Amino acid sequence: MPMQLMLDFTPKPPFQPKPVVRNTSWVDVSDIARGTGFTLPVEVSVSLNHALAPLQTEDDAEYDQRLYDALWFAHHYLSLDQRQSITFTFDFLREDTHSGKLTGASLRLRVEEQNQLVLLGLPQDF
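For what it's worth, my numbering labels the leading residue of the sequence shown as 1, then goes sequentially.
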């Protein structure tokens, strides 16, 4: 005997993801991150923000460029690997406060996509 299927078009409330519980403070950098290709909101950890901050002998533009570069690498690695979490090394130049010479600095960073939000920080921030 044939059976008639009934479709239920009753509206359901949208899925509400659980809030991400973090014990580290985060800084919203979504405006800069859009320029590197991110479409989701992006936040960086306060510790990464401090690590990228300019020294007394550097311009504020140095921080902006470092942040942009770190975000670009994060987006690049997420796009290539298609995983939700990636750890990578970010190298940049820093002006020595005493000699004025450029020295290399290296940070190990982790980028993670969680509940429609991208987090970028040092591995211990997660």
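We put the beta carbon where it would ideally sit given N, CA and C, even for glycine.
In this text the structure is predicted, and so the values were computed from the model without any measurement.
Residues near residue i in its chain [Cβ-Cβ closer than 8 Å; skip 5 each side]
| i | result |
| --- | --- |
| A53 | Y63 |
Nearest neighbour of residue i, chosen from the options [CA to CA]
| i | options | result |
| --- | --- | --- |
| L67 | D96, S45, T10 | S45 |
| F90 | A51, D81, H98 | A51 |
| G104 | L93, L55, D60 | L93 |
| H98 | L55, Q84, F73, D81 | L55 |
| D125 | G100, N115, T87, L102 | T87 |
| H75 | S85, T10, T36 | T36 |
Reduced DSSP secondary structure (H/G/I, E/B, other) of residue i
| i | result |
| --- | --- |
| V29 | coil |
| L93 | strand |
| Q124 | helix |
| S106 | strand |
Beta-carbon contacts of residue i that lie in its chain and below 6 Å, excluding the five residues immediately before and after
| i | result |
| --- | --- |
| V42 | V29, S30, A33, V118 |
Spatial distance of residue i from residue j (CA atoms)
| i | j | result |
| --- | --- | --- |
| L71 | R110 | 11 Å |
| L40 | P2 | 48 Å |
| F132 | G121 | There is no way to answer for residue 132, as the model of the chain reaches only from 1 to 126. |
| S106 | S25 | 22 Å |
| S47 | E112 | 16 Å |
| D96 | R108 | 20 Å |
| F73 | E58 | 22 Å |
| Q84 | P123 | 14 Å |
Residue-level contact to chain C via CB, residue i, 8 Å cutoff
| i | result |
| --- | --- |
| L80 | Annotation note: the requested chain C is absent from the structure, which comprises a single protein chain. |
>> What ranges does the beta strand (DSSP E) occupy inside the stretch 52-89, keeping only unbroken runs of at least 3 residues that lie completely in it?
In response: none
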